[in-house]
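Participant: Residue numbers (this note's numbering): 1 to 980. Pasting in a structure now, in structure tokens, and then I'll have a few things to ask.
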Amino acid sequence: MPLYDEMLPQLDALGGRAVAAALHTLGWQWAVGEVVTVETAVSHLHIIPTQRRLFGRLLEMLAEDGLLAAADGGWRVLRVPQAEADLAAEWAALLAAYPQFATELKLAQRCTAGLANVLCGQGDPLQLLFPGGSLADTEKLYQETPVARTYNALVREAVATAVAAWPDDKPLRVLEIGGGTGGTTAYVLSQLPADRAEYVFTDISPLFTQRAEEKFRDYPFVQYRVVDIAHEPTAQGLAAHSFDLVLAANVIHATPDLRQTLTHVQQLLAPNGLLVLYEAMNKQRFSDLTVGMTEGWWSFTDANLRPDYALLRHEQWLALLAEMGFVGGTAVPEADAPGILAQQAVVLARAPETTLSFGRWLILADQSGVGEQLAAQLEARGQEAALARPGTSYAQLADGSFTLNPADAGQFRQLLTAATYGQVVYLWGLDEQLAEPLTIADLEAGQRQIVGGALYLVQALAQTGGATPPRLWLVTRQAQATADDLPANAAQATLWGFSHTVALEHPELGCTRLDLGQDGGVDALFSAIWHGDGHEDQIALCAGQRYARRLTRADWPSMPPVAFRDDATYLITGGLRGLGPLVAEWMVAHGARHLALMGRSGASAPAQAAIATMEAAGAQILVVQGDVSQEADVRRVLAEVAATMPPLVGVIHSAGALDDGVLLQQNWDRFRTVMAAKVMGSWLLHTLTRDLPLEQFVLFSTGVSLLGAPGQGNHAAANAFMDTLVYARRAQGLPGISINWGAWADIGAAADRNLATERGVATFSPTEGLAALARILAANRAQVGVIPADWPQVLGAFAPGEEPSLFRELAREVRATEERARATGAQVVAAETAVSGPELLQALTAVPANKRLSVISNHVRQQAAQVLGLDSPQRINAQQPLQELGLDSLMAVELRNKLGSSVGQVLPATLLFEYPTVKELADYLLHEVVEKLVAADEAQPAPEQETIEETAVAELDELAEDEMAAMLLDKLNAITRKFQ
1 MPLYDEMLPQ
11 LDALGGRAVA
21 AALHTLGWQW
31 AVGEVVTVET
41 AVSHLHIIPT
51 QRRLFGRLLE
61 MLAEDGLLAA
71 ADGGWRVLRV
81 PQAEADLAAE
91 WAALLAAYPQ
101 FATELKLAQR
111 CTAGLANVLC
121 GQGDPLQLLF
131 PGGSLADTEK
141 LYQETPVART
151 YNALVREAVA
161 TAVAAWPDDK
171 PLRVLEIGGG
181 TGGTTAYVLS
191 QLPADRAEYV
201 FTDISPLFTQ
211 RAEEKFRDYP
221 FVQYRVVDIA
231 HEPTAQGLAA
241 HSFDLVLAAN
251 VIHATPDLRQ
261 TLTHVQQLLA
271 PNGLLVLYEA
281 MNKQRFSDLT
291 VGMTEGWWSF
301 TDANLRPDYA
311 LLRHEQWLAL
321 LAEMGFVGGT
331 AVPEADAPGI
341 LAQQAVVLAR
351 APETTLSFGR
361 WLILADQSGV
371 GEQLAAQLEA
381 RGQEAALARP
391 GTSYAQLADG
401 SFTLNPADAG
411 QFRQLLTAAT
421 YGQVVYLWGL
431 DEQLAEPLTI
441 ADLEAGQRQI
451 VGGALYLVQA
461 LAQTGGATPP
471 RLWLVTRQAQ
481 ATADDLPANA
491 AQATLWGFSH
501 TVALEHPELG
511 CTRLDLGQDG
521 GVDALFSAIW
531 HGDGHEDQIA
541 LCAGQRYARR
551 LTRADWPSMP
561 PVAFRDDATY
571 LITGGLRGLG
581 PLVAEWMVAH
591 GARHLALMGR
601 SGASAPAQAA
611 IATMEAAGAQ
621 ILVVQGDVSQ
631 EADVRRVLAE
641 VAATMPPLVG
651 VIHSAGALDD
661 GVLLQQNWDR
671 FRTVMAAKVM
681 GSWLLHTLTR
691 DLPLEQFVLF
701 STGVSLLGAP
711 GQGNHAAANA
721 FMDTLVYARR
731 AQGLPGISIN
741 WGAWADIGAA
751 ADRNLATERG
761 VATFSPTEGL
771 AALARILAAN
781 RAQVGVIPAD
791 WPQVLGAFAP
801 GEEPSLFREL
811 AREVRATEER
821 ARATGAQVVA
831 AETAVSGPEL
841 LQALTAVPAN
851 KRLSVISNHV
861 RQQAAQVLGL
871 DSPQRINAQQ
881 PLQELGLDSL
891 MAVELRNKLG
901 SSVGQVLPAT
911 LLFEYPTVKE
921 LADYLLHEVV
931 EKLVAADEAQ
941 PAPEQETIEE
951 TAVAELDELA
961 EDEMAAMLLD
971 KLNAITRKFQ
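Right, dumping it as structure tokens:
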């Protein structure tokens, strides 16, 4: 390995000169000092689209070698790329100096010689990698080179260790993904017990599986199949959870979406099964200039994980595996290994020890047949499923299915007490379509069924589910937009908004949201549910891809100042109160001269003052009363605008209402009140202006529809409709922007501001809000949230890796920023992070049994004081109902969640109603929760170590392969110890 470390920099340098020569051959024309963008260079040099990403990497190599420098969105030329006089002679000299690396050097020379032709589409990269169809060179590369021997030996050692731990009387089922030339297979097969091993060799290419069958014909326990792990494996003939060991050498990175691929891998692994990956790490010129010429190397689509390069670093692999639910992950060697040892690694991890215990299924079935098909697939796997459909009354039919009235909350309780269920799948939303023409009455009736039904279902689950309620699955179709140009169904999006509050108020339900694409059928739905591991709870299945919902920061390009037309009219609903007058004044200050302000009631005093100011500035202001949720009113207002003002070119919809309350206290009438302006109003504005030449259609939504908030389920549902409506409009070529506002200081509902502040989300001033509005209008993005937050404080409530999936991208960014600050010696200011594990339970393990009630009582009193905003816990009498101290239903949810976090358990939704005092709460926690948990913990044997102890690798490059394998044996033993 020392010789390889000596050779590699020379190979990289020669590869860089070959890149410069290729670009010179293609017609590089930019002189020293000029700036060239990638797009300009691609066009001038005739780079084909499939090589666009490789070309970007080649420019990066030139920058690494000092020929280019990043500047002004492109590259500044420092030295002009030239053709070397005799690259062939340089390659020959390097080969003569390092003959033991002939395979790598000859392959690199052949590929770089054809690089220019490949970039412009005149050459076939596969002919360079496999000349004449021969696999000889690549087989040597992956099996016989010093690097391949070293890392394949590590894979062999991992397999041998796993085999040694495997019971003698149990078959060992092994799957190899992307076996290719069989380079790793050749090292592994000899380690397996021939009498009880079942080995399935797979590859995406029939050529490789046929060659492998010839190569390994002496191993009769091997089967050969064509499988693409990027797609659903069970649909390709592989049974779920049917493999004890999965191997993948240099293949997982070559799939479009790593999360989707690892989901498929986990579907195939048995409980506690072992995953062994052999992967390249970090950017590598040799790979880029050889296999990097193939389209597959750059086919990745998971830009949030891999923005510009196919390979991950050590720490990224381990974090990703943990995110996907694998346990005990480790990489061998580690990231700080010297030289070449840091550029590749064998990554090991295990599947969780148990799969989901489903229990009986209740499917609230749609009218299109998805529910029946889902039940059939479940029953084919030995599951028991009951169907329930909307009807006029409650009844159990002869086939065992049910009907119930969606408007009758009592019938949902009756349904759930008819049997004990482990899983509830809600499909009623699939029936709601937003096709035009759609009357307001039809829209409201549909919302009453899908959202009202979901509300009463959640109430019934919370009231009848006991200590272990069923898991809830809410299913929609096209309610989430995965791209601006895809159609979206706002009518079903209300269910998603509603679900965010369900997840916060009732975490015991494990509410998981699944959105099917236009072509997504029952197979995709079944796979997502059957293999759901709880690590992602907001998933969109679209065009064969699996998307997880994430909150990310918006990048803001420089934009010209916002300006409104002085010869056209803008309509502002909710224009006479709250944000309306503020936005109107701001628009006039930026050029608007004709505004129509619509509101249900007359202008407030601040609005009257604002109107006077605007009119004094020369603006024409039309004040019109009307309810935006009533079609007659909207038609009348639009007619008056058309008759008395210049053409209407913009609509800003800011009208809305609140009626907060926890879900257990809500009903459909309260939901309808909140949804009227947002759902019916935005739909009317959309349909009645769609034929007008609008330039702007802006909906004022709320951050609650992104994040959820306890007590605001109706508010979240209503605003989610608007969020998705803009995507539907944009897919039709119409303008549309939805702004998820946080809390404006001094404007809007005080309850919103208090809730935001308590959750670590700050308010912003009117000046800041209007500045954000200007940038959003200029950028013209479909949906943007304006939520000022102390993200370290928000995320500090969670241990690393345990934050809600929605925040995972932000969490990585925040923690990376903190690490960079620490590395530079800067002070890092962040909220105190959560301790690992339930802190109260940890504290109680060191307390004598007769003292535990006192400790719990003090803890409950402290938590209650925080929620109530009391300056001292001692103000709370242990026998006084907390409601008498001002504890409302929202506070009860917060206190229940705090106490649940303290003991690491999900507590009943009715906790504060059944145990209203500190004394009763403490008694309940002690006898029903803590004593059982402590007893169970004390009864367990000391856990075996699952994490990998650090091993020094500073001298690894001086060791022989066998010595390195022996040094790493402890790591392999640690991960495979529980593999049985």
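Positions of the beta carbon are idealized from the N, C-alpha and C atoms, including for glycine.
Among the residues of its own chain, which have a CB less than 7 Å from the CB of Y151, if the five just before and after it don't count?
Facilitator: Same-chain partners within the cutoff: Y278, Q344, V346.
Participant: Does DSSP put W473 in a helix, a strand or coil?
Facilitator: Note: W473 maps to strand in three-state DSSP.
Participant: Taking the Cβ atom as the reference point for each residue, do D408 and S368 lie within a distance shorter than 8 Å?
Facilitator: Against a cut-off of 8 Å, the Cβ pair of S368 and D408 comes out as no contact.
Participant: From A235 to G544, what does the alpha carbon distance come to, in whole angstroms?
Facilitator: Rounded to the nearest angstrom, the two C-alpha atoms are 12 Å apart.
Participant: If we count the other Cβ atoms within 10 Å of its Cβ and call it buried at 16 or more, is Q783 buried or exposed?
Facilitator: By the 10 Å Cβ count, Q783 comes out buried.
Participant: Does the contact criterion of 3 or more C-beta pairs under 8 Å hold for the stretch 470-486 versus the stretch 690-710?
Facilitator: With a cut-off of 8 Å, the stretch 690-710 and the stretch 470-486 do not count as touching, because too few Cβ pairs lie within range.
Participant: Please name the residue, chosen from H927, V77, A493, V222, that lies closest to I856 on a Cα-to-Cα basis.
Facilitator: Ranking H927, V77, A493, V222 by Cα distance to I856 puts H927 first.
Participant: For W317, count the other beta carbons within 10 Å of its own beta carbon; 16 or more makes it buried, fewer makes it exposed. Which is it?
Facilitator: With 16 or more other Cβ atoms within 10 Å, it is buried.
Participant: Using a Cβ-Cβ cutoff of less than 6 Å, which residues in the same chain neighbour R211 once the five nearest sequence positions on both sides are dropped?
Facilitator: Taken in chain order, the list of residues that qualify is empty.
Participant: Any chance you could list the alpha helix (DSSP H) runs of at least 4 consecutive residues sitting entirely within the stretch 863-897, in chain order?
Facilitator: Within the stretch 863-897, no complete alpha helix (DSSP H) run reaches 4 residues.
Participant: Return yes when the Cβ of C511 is within less than 8 Å of the Cβ of L455, no when it is not.
Facilitator: Contact: no.
Participant: Spatial neighbours of L770 within its chain, please: CB distance less than 7 Å, with the 5 preceding and 5 following residues excluded, ordered by chain position.
Facilitator: Answer for L770: W586, listed in chain order.
Participant: Any idea which residues DSSP pairs N740 with across the strands?
Facilitator: Paired residue(s): S701, G785.
Participant: I need the straight-line Cα distance from I539 to L516, nearest angstrom please.
Facilitator: Using only the alpha carbons, I get a separation of about 9 Å.
Participant: Between S987 and the rest of its own chain, which residues show a CB-CB distance below 8 Å, the 5 nearest in sequence each way excluded?
Facilitator: Residue 987 lies beyond the residue range present for the chain, which begins at 1 and ends at 980; the question has no answer from this structure.
Participant: Hey, A718 and T494: beta-carbon distance below 8 Å or not?
Facilitator: Yes. Within cutoff.
Participant: Under the DSSP definition of a beta bridge, which residues are partnered with D569?
Facilitator: Sequence check: residue 569 is Thr here, not Asp. In the DSSP output, where bridge partners are listed per residue, T569 has L648.
Participant: Could you tell me the alpha carbon to alpha carbon distance between G736 and D669, rounded to whole angstroms?
Facilitator: Roughly 29 Å separates the two Cα atoms.
Participant: Can you tell me the Cα-Cα spacing of R690 and L734, whole angstroms?
Facilitator: So the alpha carbons of these two residues sit roughly 8 Å apart.
Participant: Going by the beta-carbon positions, is the gap between L378 and A386 smaller than 8 Å?
Facilitator: Going by C-beta atoms, L378 is not nearer than 8 Å to A386.
Participant: Could you spell out where the beta strand (DSSP E) holding Y547 opens and where it closes?
Facilitator: Unbroken beta strand (DSSP E) run through Y547: 545-548.
Participant: Could you check the C-alpha separation between L258 and I229 for me, to the nearest Å?
Facilitator: When rounded, the distance between both Cα atoms is 10 Å.
Participant: Since A349 and R313 are thought to touch, with beta carbons under 8 Å apart, how far apart are those beta carbons, to the nearest angstrom?
Facilitator: No, A349 and R313 are not in contact; Cβ-Cβ is about 16 Å, not under 8 Å.
Participant: Taking the C-alpha atoms as reference points, what is the distance between G178 and T185?
Facilitator: If you take the alpha carbons of G178 and T185, they lie about 10 Å apart.
Participant: Would you check if the distance between the CB atom of E176 and the CB atom of T209 is smaller than 8 Å?
Facilitator: Their beta carbons are not under 8 Å apart, which means E176 does not touch T209 by this criterion.
Participant: Secondary structure at A31, three-state DSSP: helix, strand or coil?
Facilitator: In the structure shown, A31 sits in coil (DSSP, three-state: anything other than H, G, I, E or B).
Participant: Can you look up A481 in the DSSP assignment and give me helix, strand or coil?
Facilitator: It is coil, neither helix nor strand.
Participant: In the DSSP output, which residue or residues are listed as bridge partners for I177?
Facilitator: Per DSSP, A248.
Participant: Going by DSSP, what residues sit across from I621 in a beta bridge?
Facilitator: Bridge partners of I621: L595.
Participant: So V906 packs on G900, CB below 8 Å; how close in whole Å?
Facilitator: Confirmed, Cβ separation roughly 6 Å.
Participant: State buried or exposed for R983, treating a residue as buried only when at least 16 other CB atoms are found within 10 Å of its CB.
Facilitator: Since the displayed the chain opens at 1 and closes at 980, residue 983 lies outside it and no answer follows.
Participant: To the nearest angstrom, report how far apart E536 and A605 are at their CA atoms.
Facilitator: Rounded to the nearest angstrom, the two C-alpha atoms are 48 Å apart.
Participant: Taking just the CA atoms, how far does A322 sit from V32?
Facilitator: One C-alpha to the other measures close to 47 Å.
Participant: Below 8 Å, how does it come out for the stretch 125-141 and the stretch 90-100: are there three or more Cβ pairs, yes or no?
Facilitator: The answer is no - the stretch 90-100 does not touch the stretch 125-141, with fewer than three Cβ pairs under 8 Å.
Participant: Is P916 helix, strand or coil by DSSP?
Facilitator: Coil, per DSSP.
Participant: Under 7 Å from any heavy atom of the ligand NAP, does the C-beta of Q377 make it?
Facilitator: Here there are no bound small molecules, and the ligand NAP is not part of this structure.
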